[in-house]
Amino acid sequence: MAGKTLYDKLWDDHLVKQRDDGSALIYIDRQLLHEVTSPQAFEGLRIAGRKPWRLDANLATPDHNVPTVDREKGIDGIVDPVSRTQVETLDKNCDEFGILEFKIKDQRQGIVHVIGPEQGATLPGMSIVCGDSHTSTHGAFGCLAHGIGTSEVEHVLATQCLVQKKMKNMLVKVNGKLGPGVTGKDVVLAIIGKIGTAGGTGYAIEFGGEAIQSLSMEGRMTICNMSIEGGARVGMVGVDETTIEYVKGRPFSPKGEQWDKAVEYWNTLHSDADAVFDKVVELDGSGIKPQVSWGTSPEMVTGVDGLVPDPAKEEDPIKREGIVRALKYMGLEANQKITDIQLDRVFIGSCTNSRIEDLREAAAVVKGRKVAASLKQAMVVPGSGLVKAQAEKEGLDKIFIEAGLEWRDPGCSMCLAMNADKLGQGEHCASTSNRNFEGRQGFGGRTHLVSPAMAAAAAVTGHFVDVRELTH
Amino acid sequence: MRAFTQHKGIAAPMDRSNVDTDMIIPKQFLKSIKRTGFGPNLFDELRYLDEGKPDQDCSQRPLNPDFVLNQERYKNASVLLARTNFGCGSSREHAPWALDDFGFRAVIAPSFADIFYNNCFKNGLLPIVLEEEVVDKLFRETADTEGYQLTIDLEAKTVTTPSGESFSFEVDDFRRHCLLNGLDDIGVTLEDADSISDYENNRKQTAPWLFNAGN
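Residue numbers (the numbering used here), protein chains in the order written: chain A, 57 to 528; chain B, 624 to 838.
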């Protein structure tokens, strides 16, 4: 019999019941909750007279709607009354049902996908859900982590289970060593460019190979985070020393004997050497260049030395039409150099790239330089209050501020512009977030997805530039 | 949940691939704490010429005359014809809520994004996967005939055109069963409460660290 993939192992370890109709009940170890996708779930519980199955499996925090300035004002600092109601509703629901919440003024507040790992609330081998598609982030710890909809949030609250059908196994293997200046973000954008935004649909993706193994946990989280942009609900990386080292000593992490027992189990969380995948995709990591997205889908991406594509060269009519539409929306010309794209704003943040390592990489580029005069704004939004504190301890805030970037408070911010941080119509933004969809960062806004280092390089030059030219 | 058995309704063609959930319902409308009322903002940025705001009277806003659902012939559409990877992007269930609130009962496409596909079933909205060539044909026929209606039968798993041509589709038995009977799937899962407790008690022994609270 062939060995098991990591996904097979995680599936088997969480299987409560396999039903005759092919569906299965999967036990959920951790649910993360935020203000946008939970109110209707709590309301559903209330209407049906149900109680949460297991309170201590849940952890909540407001992130999407929170302002990134004036945070000492707490909820009163949320100017938009509709946003304020949503955050108040989360507080009220967590208080009523007895769920642990890091409220807006708590230093531990932050983006759900940053605080889970930071607290050790994300542990290897867990099954994790959240009403947010970027829950795949937690797969970096060898977790089975799914983004779910609000009805499923309610279902997990009420039953601690998710109804699932087993997905297929895909291995994305990135061989070789990454070049200097090339980060997890560039790797995942290159992967999506290769497999397309639906390439992973129906699959659980495991990321492996030398280039992945050599990444820090932050880099792995960035890659798993964007699994969904490649169509896969679930992305993961096998557990190794890097994983265990990261988890050690965090507030929710096991201690003493439990730690030893846990580590013993965690060390089994990798695909067996003879495991069989339904699909394998290989990339040469040493050939990956810093990436920049030019269009309105994350698969519309190229190396920084590349050109905006020419729709005339595309044979597939639907794809051609897609390119034409994207170029029109983005205000770009076919065959234009990526490095000629002029920018209006720079955003460094989001659940993809707002962790301490991301901020260090960006700070290293802007240090001793100034934000280009042509930019309207360049902002840095740390992923959590604790990331912010750590960055300030290291003096990164001063580097950013001296260079002319704004140093903000934690939240999702301009990644999806549900708070006050957004693009104006027609503005181009170098963004470390995950989606370049039309209107994503503001009505008519034009998003280019890049790594923190590339965003920082764009901030100091006003256009895209190969960060390696500034730093190496 | 509202049951879905059979439905006959006007088809509207949404002729672009990779329609994402930001496009289906932009983020400013996700601030609502309700499940209803999203219909007027379905496809907001494509449908109107101005920037939409929550709690606005949409009847006064300038419509984009080029957008398909603004054409008189599609105003009462209840079956959406779409292209590949429909519903990609975020997990927001507001996307199926908005389609439902507008009046759609089914979406037909060659492929869907996983989370969106799953969310539809929780809301009595039926996502149907048909071969790309079949979807192409339905697009052509819809464009050619005003008032073109499709008949969907979930029991028989078929889509039938006005000329009587019928196409079969696949759907998971569990999902079909829940949808046909309008079942609350939390209720169905709780029938297995003992199995869940047994699993949990076993895990407390084998992996006790999963039950620690933070400190």
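Glycine residues also receive a C-beta, built at the ideal position from the N, C-alpha and C atoms.
A direct Cα-to-Cα measurement between residue 63 (chain A) and residue 211 (chain A) gives close to 22 Å. The Cβ neighbour count for residue 163 (chain A), taken over all protein chains shown within 10 Å, is under 16; the residue is labelled exposed. Between residue 229 (chain A) and residue 320 (chain A), the C-beta gap is not smaller than 8 Å, which leaves the two residues out of contact.
Per DSSP, residue 190 (chain A) lies in no alpha helix (DSSP H) segment and is marked neither H nor E.
The continuous alpha helix (DSSP H) containing residue 302 (chain A) extends over residues 297 to 303.
Chain order gives the chain B residues near residue 310 (chain A) as 832, 835, where near means a beta carbon separation below 7 Å. Under the 8 Å Cβ criterion, the segment 506 to 524 of chain A counts as touching the segment 331 to 349 of chain A, having at least three qualifying pairs.
Sorting A:506, A:138, A:157, A:418 by C-alpha distance to the C-alpha of residue 394 (chain A) places A:506 at the top. A residue is called buried when at least 16 other Cβ atoms come within 10 angstroms of its Cβ; residue 626 (chain B) does not meet this threshold and is exposed. Excluding residues up to 5 positions away in sequence, 80 lie with their Cβ nearer than 7 Å to the Cβ of residue 74 (chain A) in the same chain. For residue 401 (chain A), the enclosing beta strand (DSSP E) starts and ends at 401 to 404. When C-beta distances to chain B are compared with 8 Å, the residues of the segment 244 to 278 of chain A below that value are 253, 254, 257, 258, in chain order. In terms of beta-carbon proximity, residue 738 (chain B) lines the interface with chain A, with at least one pair separated by less than 8 Å. By the Cβ neighbour-count rule, residue 307 (chain A) is exposed, with fewer than 16 other Cβ atoms within 10 Å of its own. Within chain B, the C-beta atoms nearer than 7 Å to that of residue 321 (chain A) come from 830, in chain order.
Contact of residue 654 (chain B) with chain A is assigned, a C-beta pair being separated by under 8 Å. At a cut-off of 8 Å between beta carbons, residue 662 (chain B) makes no contact with chain A.
Along the length of the segment 110 to 175 of chain A, whole alpha helix (DSSP H) runs at least 4 residues long occupy 137 to 153, 168 to 175, reported in chain order. A distance below 8 Å separates the beta carbons of residue 511 (chain A) and residue 486 (chain A). For residue 801 (chain B), the uninterrupted alpha helix (DSSP H) run begins and ends at 796 to 804, by DSSP. Chain-ordered, the chain A residues with CB closer than 9 Å to the CB of residue 650 (chain B) read 92, 120, 472, 473, 474, 495, 496.
Taking the Cα of residue 445 (chain A) as reference, the smallest distance to any Cα among A:463, A:148, A:432 is reached at A:463. Contact with chain B is found for residue 491 (chain A), since one of that chain's Cβ atoms lies less than 8 Å from the residue's Cβ. DSSP places residue 818 (chain B) in no beta strand (DSSP E) but in the uninterrupted alpha helix (DSSP H) bounded by 816 to 829. With a cut-off of 8 Å on Cβ pairs, the segment 123 to 137 of chain A is not in contact with the segment 99 to 111 of chain A, counting fewer than three such pairs. The Cβ neighbour count for residue 528 (chain A), taken over all protein chains shown within 10 Å, is under 16; the residue is labelled exposed.
A Cβ-Cβ contact shorter than 8 Å links residue 751 (chain B) with residue 729 (chain B). Shown here, residue 769 (chain B) sits in coil according to DSSP, grouped into three states, outside any helix or strand. Contact between residue 670 (chain B) and residue 699 (chain B) is absent: CB atoms are separated by about 15 Å, not below the 8 Å threshold. Within the segment 291 to 355 of chain A, complete beta strand (DSSP E) segments of at least 3 residues are found at 335 to 340, 347 to 349, given in chain order. By the Cβ test, the segment 113 to 127 of chain A is in contact with the segment 171 to 184 of chain A, since at least three Cβ pairs between them sit closer than 8 Å. The segment 496 to 503 of chain A makes no contact with the segment 405 to 423 of chain A; the number of CB pairs closer than 8 Å stays below 3. Taking 8 Å as the cut-off, the Cβ atoms of residue 480 (chain A) and residue 498 (chain A) count as close.
The beta carbons of residue 231 (chain A) and residue 334 (chain A) sit no closer together than 8 Å.
In this structure, the CA atom of residue 760 (chain B) is about 32 Å from the CA atom of residue 350 (chain A).
Note that the C-beta distance between residue 142 (chain A) and residue 91 (chain A) is below 8 Å.
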